[in-house]
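See below for the structure under consideration.
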Amino acid sequence: MNRAVFLDRDGVLNQPKVINGKPYPPASVAEFILLPGVAAACRALKEAGFLLVVATNQPDVGRGTLPQAVVEEIHAHLRRLLPIDRVEVCYDPGGGQPPSEFRKPRPGMLRRAAADLGIDLARSFMVGDRWRDIDCGRAAGCRTIFIDWGYDEPLRQPPDFRVRNLPEAARLILAECGLGSQPHPC
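Position one of the sequence shown corresponds to residue 208 (our numbering), numbered consecutively onward.
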């Protein structure tokens with residue numbers, strides 16, 4: 208079975224727009240700016256044998272405030288920049304009953320990718336910058352890494368690890384898995 212690093216998109220891979228303490232996604236490819244060190248971190252994880260899966264809620268599409276074609280353009284651009292194996296997207300705006308199994312914090316996107324790509328969720332990590340990412344990773348059975356940008360939004364449960372950015376998360380993952388030294392069950 209494969210190991211994976213599941214990555215939230217906005218605030219993990221790219222710079223979000225922060226308004227009143229809350230992050231918002233880019234509205235165009237021109238606004239999509241990779242954060243420093245992200246490309247090298249993704250390459251290091253990929254070279255260590257991890258699958259890289261982006262798992263992102265994009266509710267603005269479901270709300271009708273952002274065309275799906277723009278999100279697809281951004282993801283095509285993202286795949287040109289980074290060695291991403293798969294992009295999982297949920298366009299559900301939230302608030303529906305019953306709630307979508309694929310909208311984070313529910314684990315549907317991670318479970319679908321795991322089933323399709325032969326991923327062992329217990330040997331995988333979820334990296335995110337919001338409580339939904341951490342709750343999603345926990346619900347899927349992954350170890351969780353929180354990138355703390357100081358948003359005005361509390362976590363609902365503690366992550367396994369707290370870091371400042373994806374390069375730090377990648378170093379932590381590689382160390383946790385004993386890559387380069389002693390093998391670990393990761």
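Glycine residues also receive a C-beta, built at the ideal position from the N, C-alpha and C atoms.
Distance from the CA of Val245 to the CA of Pro305, rounded to the nearest whole angstrom, comes to 36 Å.
Under the three-state reduction of DSSP output, Leu241 falls in the strand class. Looking at the backbone, the Cα of Pro223 and that of Gly385 are separated by about 32 Å. For Lys229, the number of other beta carbons within 10 angstroms of its own is below 16, and it is reported as exposed.
Nearest to Val334 by C-alpha distance, out of Gly269, Asp215, Pro232, Asn209, is Asp215. When DSSP states are grouped into helix, strand and coil, Glu295 belongs to the strand group.
Met316 is classed as buried because its beta carbon has at least 16 other beta carbons within 10 Å across all chains shown.
Between Asn264 and Val225, the gap from beta carbon to beta carbon reaches 9 Å or more.
Scanning its chain for C-beta atoms nearer than 7 Å, with the 5 sequence neighbours on each side dropped, one finds around Pro366 the residues Ile341, Thr351, Ile352, Phe353, in chain order. Each residue's CA atom was taken as its position, placing Asp327 and Cys249 some 19 Å apart. For Ala211 and Asn227, the gap between their C-alpha atoms comes out near 33 Å. Under DSSP, Leu214 forms a beta bridge with Val261, Val334. Rounded to whole angstroms, the Cβ separation of Tyr231 and Gly269 is 15 Å, and the two are not in contact under 8 Å. When DSSP states are grouped into helix, strand and coil, Val278 belongs to the helix group.
DSSP lists no beta-bridge partner residue for Ile380. Annotated three-state conformation of Val268 is helix, per DSSP. Assigned with DSSP and collapsed to three states, Arg350 falls in strand.
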